[in-house]
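Student:
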Amino acid sequence: MQASPEFLAFGRWFMLDIGGGAPTLDEMYDFVLNLFRGEERVRLRQFIDRALLEASDETLKQLWKETDADIYFPTAQDLRAFLTSARDRL
1 MQASPEFLAF
11 GRWFMLDIGG
21 GAPTLDEMYD
31 FVLNLFRGEE
41 RVRLRQFIDR
51 ALLEASDETL
61 KQLWKETDAD
71 IYFPTAQDLR
81 AFLTSARDRL
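Under UniProt numbering, the sequence shown has 74 at position 74, and the numbering climbs by one with no breaks.
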């Protein structure tokens, strides 16, 4: 599975200093997801949904690593929970 452009863009927003402008996880989701509009938002939701359904834990972790995000998830379950919450907000 190859990361979509929208997923790569989504992940890149999760940098260590995002907490300065969005100190809670809910605010981080709101800040980042509000940057996606229209079809781009639909494609991001579709990709996350597909990745959650089809990707193994290792593949999902590799997809996240490709985004160059600074946010690290100690387990695949943590990453799945994070992505599930993002998908549900889209």
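Don't be surprised by glycine CBs; every beta carbon is placed ideally from N, CA and C.
Under DSSP, the alpha helix (DSSP H) around alanine 76 begins and ends at which residues?
Tutor: Counting along the chain, the alpha helix (DSSP H) containing alanine 76 begins and ends at 76-89.
Student: Are arginine 12 and leucine 52 closer than 8 Å when you measure CB to CB?
Tutor: Not closer than 8 Å, so no.
Student: Phenylalanine 73 lies in the alpha helix (DSSP H); which residues open and close that run?
Tutor: Note, phenylalanine 73: premise wrong, no alpha helix (DSSP H); not H, not E.
Student: Quick check on the burial criterion: 16 or more other C-beta atoms within 10 angstroms. Buried or exposed for valine 32?
Tutor: Flag for valine 32 reads buried.
Student: Are glutamate 54 and glutamate 6 touching if we call contact CB-CB under 8 Å?
Tutor: Not in contact: glutamate 54 and glutamate 6 (Cβ atoms no closer than 8 Å).
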